[in-house]
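J.: Quick one: the structure is below, and I'll ask about it shortly.
Residue numbers (this note's numbering), protein chains in the order written: chain A, 686 to 810; chain B, 78 to 306.
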């Protein structure tokens, strides 16, 4: 019935990784996370679901996105040619500028509202 | 001696990928609507549903969609099956204000309005709603109020968003689990089974769900009329 139901919090952090050359990154997440490789207007799942904890992930050159309900950490080796950024889910028109060499458009969500809470992203080098 | 008429099976598919409402027009165009409608039409065809209507792009107006749902609900008859599918953008429920809705070509069709339209179906009708959108499961709470038994197959929970890709992973998986290659999957014996399989190996941020207005409906074979009592 309308009005009887109360929405649970909508919590989401979306992260994009622009990888210029093959590299290994350590992703630390606290839930089960799917990493997608963006290919034009589509995406393909990249590897198995990442379990909670730290997982080293081998990335070929390309653009990747993942979403999580909790804080996340991306650890990069020094001199790694990877650009990491948070993708805003609150405004469908505003996207982070990708690195100059990348023309890939990132996916949007199919809903109208910003998350109630956006977890934090920490990038370590 | 005359035999009882076979239950009527109908489907309405909505693919709202052309939005002209000022609030929605600037959003990214939903990319998977056509593919989703095509796949779900094929799935319904495989399930024996011959009476199907698709409303796509500029045809997916609140007027046309409402009329199609109302006609389908009224036309199913006792013991029938009505499948209603939606692909596109959604508005999130605002507690105390509204229960959310589907963004159509000209405006939002609130779930409460859709429930009113579905209420025209007899109580013995089985209604299946396939929601391939953000906050997809939000409609289940509202649709639970209609007299007919409703089962919502949702791409994600009411507090989750789906990404706008060319193809819907949820719909691909649904097709594979129910009617792979157009043939019924013998393992797909209940909505409870389907729910388990849809949720397997999915990320916590976007997990499909199956919600029935009555627990007994979870034991039914998916996309079939309710068993006669």
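No residue lacks a Cβ here, since even glycine has one placed at the ideal position from N, Cα and C.
Relative to chain A, which residues along the region 191-225 of chain B have a C-beta separation below 7 Å, given in chain order?
T.: Against chain A - using a Cβ distance shorter than 7 Å - the residues of the region 191-225 of chain B are 210, 211, 212, 218, 219 and 222.
J.: So, using beta-carbon positions, are residue 712 of chain A and residue 735 of chain A closer together than 9 Å?
T.: The count along the first chain starts at 1 and reaches residue 712 of chain A at position 27. The count along the first chain starts at 1 and reaches residue 735 of chain A at position 50. Yes, these two residues count as a Cβ contact at 9 Å.
J.: Taking residue 142 of chain B as part of the alpha helix (DSSP H), name the residues at either end of that continuous run.
T.: If you number the second chain from 1, residue 142 of chain B lands on position 65. Its alpha helix (DSSP H) spans residues 139-153.
J.: Alpha carbon to alpha carbon, what distance is there between residue 727 of chain A and residue 107 of chain B?
T.: In the second chain, counting from the first residue as 1, residue 107 of chain B sits at position 30. In the first chain, counting from the first residue as 1, residue 727 of chain A sits at position 42. A direct Cα-to-Cα measurement between residue 107 of chain B and residue 727 of chain A gives close to 12 Å.
J.: Of all Cβ atoms in chain A, is any one closer than 9 Å to the Cβ of residue 165 of chain B?
T.: Locating residue 165 of chain B in the second chain gives position 88, where the first residue counts as 1. Yes, contact with chain A.
J.: Can you pull out the residues from the region 268-281 of chain B whose beta carbon lies closer than 9 Å to at least one beta carbon of chain A?
T.: 278, 279, 280 and 281
J.: Count the other CB atoms within 10 Å of the CB of residue 281 of chain B; is the residue buried (16 or more) or exposed (fewer)?
T.: Counting from 1 along the second chain, the entry for residue 281 of chain B is found at position 204. Per the 10 Å Cβ criterion, buried.
J.: Taking a contact to mean a Cβ-Cβ separation below 9 Å, would you say residue 161 of chain B touches residue 191 of chain B in this structure?
T.: For the purposes of this step, residue 161 of chain B is taken as residue 84 along the second chain, with counting starting at 1. For the purposes of this step, residue 191 of chain B is taken as residue 114 along the second chain, with counting starting at 1. Cβ atoms of residue 161 of chain B and residue 191 of chain B: closer than 9 Å.
J.: Flag this pair as touching only if the region 214-230 of chain B and the region 192-199 of chain B have three or more C-beta atom pairs under 8 Å; answer yes or no.
T.: yes
J.: So what's residue 270 of chain B in DSSP terms, helix, strand or just coil?
T.: Taking the first residue of the second chain as position 1, residue 270 of chain B is located at position 193. Of the three classes helix, strand and coil, the one that applies to residue 270 of chain B here is helix, per DSSP.
J.: To the nearest angstrom, report how far apart residue 212 of chain B and residue 237 of chain B are at their CA atoms.
T.: For the purposes of this step, residue 212 of chain B is taken as residue 135 along the second chain, with counting starting at 1. For the purposes of this step, residue 237 of chain B is taken as residue 160 along the second chain, with counting starting at 1. For residue 212 of chain B and residue 237 of chain B, the distance between alpha carbons rounds to 5 Å.
J.: Quick one: what's residue 175 of chain B bridged to in DSSP?
T.: Translated into positions along the second chain, residue 175 of chain B becomes position 98. Residue 175 of chain B pairs with B/171.
J.: Could you run through the region 107-136 of chain B and flag, in chain order, every residue whose CB is less than 9 Å away from some CB of chain A?
T.: 107, 108 and 109
J.: Check whether the Cβ atoms of residue 771 of chain A and residue 702 of chain A sit closer than 9 Å, and answer yes or no.
T.: Here residue 771 of chain A refers to the residue found at position 86 of the first chain. Here residue 702 of chain A refers to the residue found at position 17 of the first chain. Against a cut-off of 9 Å, the Cβ pair of residue 702 of chain A and residue 771 of chain A comes out as no contact.
J.: Name the chain B residues whose beta carbon is nearer than 9 Å to that of residue 716 of chain A?
T.: Counting from 1 along the first chain, the entry for residue 716 of chain A is found at position 31. Here the neighbours are 280, 281 and 282.
J.: With distances taken between CB atoms, is the gap from residue 709 of chain A to residue 762 of chain A smaller than 9 Å?
T.: Counting from 1 along the first chain, the entry for residue 709 of chain A is found at position 24. Counting from 1 along the first chain, the entry for residue 762 of chain A is found at position 77. Taking 9 Å as the Cβ cut-off, residue 709 of chain A and residue 762 of chain A qualify as a contacting pair.
J.: Use the C-beta contact count for residue 805 of chain A: other C-beta atoms within 10 angstroms, 16 or more gives buried, fewer gives exposed.
T.: Your numbering for residue 805 of chain A matches position 120 in the first chain. When all chains shown are included, residue 805 of chain A counts as exposed.
J.: Measure the Cβ-Cβ separation of residue 105 of chain B and residue 167 of chain B and say whether it is below 9 Å.
T.: In the second chain, residue 105 of chain B corresponds to position 28, counting from 1. In the second chain, residue 167 of chain B corresponds to position 90, counting from 1. No; because the gap between Cβ atoms is not below 9 Å, this pair is not in contact.
J.: When the Cβ atoms of the region 254-268 of chain B are set against those of the region 717-726 of chain A, are three or more pairs found closer than 8 Å?
T.: no
J.: Are the CB atoms of residue 792 of chain A and residue 240 of chain B within a distance shorter than 9 Å?
T.: Taking the second chain and counting its residues from 1, the one referred to as residue 240 of chain B is at position 163. Taking the first chain and counting its residues from 1, the one referred to as residue 792 of chain A is at position 107. Yes, these two residues count as a Cβ contact at 9 Å.
J.: Within 9 Å (strictly less), CB to CB, does residue 721 of chain A reach chain D?
T.: Considering every chain present, this structure includes no chain D. Its protein chains are A and B.
J.: Under DSSP, the beta strand (DSSP E) around residue 93 of chain B begins and ends at which residues?
T.: As a working mapping, residue 93 of chain B is identified with position 16 in the second chain. Unbroken beta strand (DSSP E) run through residue 93 of chain B: 86-93.
J.: Could one say the Cβ of residue 105 of chain B lies closer than 9 Å to chain A's Cβ atoms, at least one of them?
T.: Within the second chain, residue 105 of chain B is the residue found at index 28, counting from 1. Yes, contact with chain A.
J.: Nearest by alpha-carbon distance to residue 144 of chain B: which of B/85, B/155, B/131 and B/156 is it?
T.: For the purposes of this step, residue 144 of chain B is taken as residue 67 along the second chain, with counting starting at 1. That would be B/131, whose Cα lies nearest to the Cα of residue 144 of chain B.
J.: Select from B/124, B/150, B/228 and B/181 the residue whose C-alpha is nearest the C-alpha of residue 110 of chain B.
T.: Along the second chain, one-based indexing puts residue 110 of chain B at 33. Closest option to residue 110 of chain B, Cα to Cα, is B/181.
J.: Name the chain A residues whose beta carbon is nearer than 7 Å to that of residue 240 of chain B?
T.: The residue labelled residue 240 of chain B in the question sits at position 163 within the second chain. Correct list: 792 and 794.
J.: Applying the 10 Å Cβ sphere with the 16-neighbour rule, what's the burial state of residue 809 of chain A?
T.: Here residue 809 of chain A refers to the residue found at position 124 of the first chain. Answer is exposed; the Cβ neighbour count stays below 16.
J.: Comparing C-alpha positions only, which one of A/729, A/695, A/699 and A/694 sits nearest to residue 769 of chain A?
T.: Within the first chain, numbered from 1, the residue matching residue 769 of chain A stands at position 84. Comparing Cα positions, the closest option is A/699.
J.: Note down, in chain order, every chain B residue with its Cβ under 7 Å from the Cβ of residue 728 of chain A.
T.: To locate residue 728 of chain A, count along the first chain from 1; it is residue 43. Ordered by position in chain B, the residues that pass the 7 Å Cβ test against residue 728 of chain A are 242.
J.: Report all residues from its chain with a CB closer than 8 Å to the CB of residue 706 of chain A; omit the five preceding and five following residues, and keep chain order.
T.: Residue 706 of chain A sits at position 21 when you count from the first residue of the first chain. These residues qualify, in order along the chain: 746 and 766.
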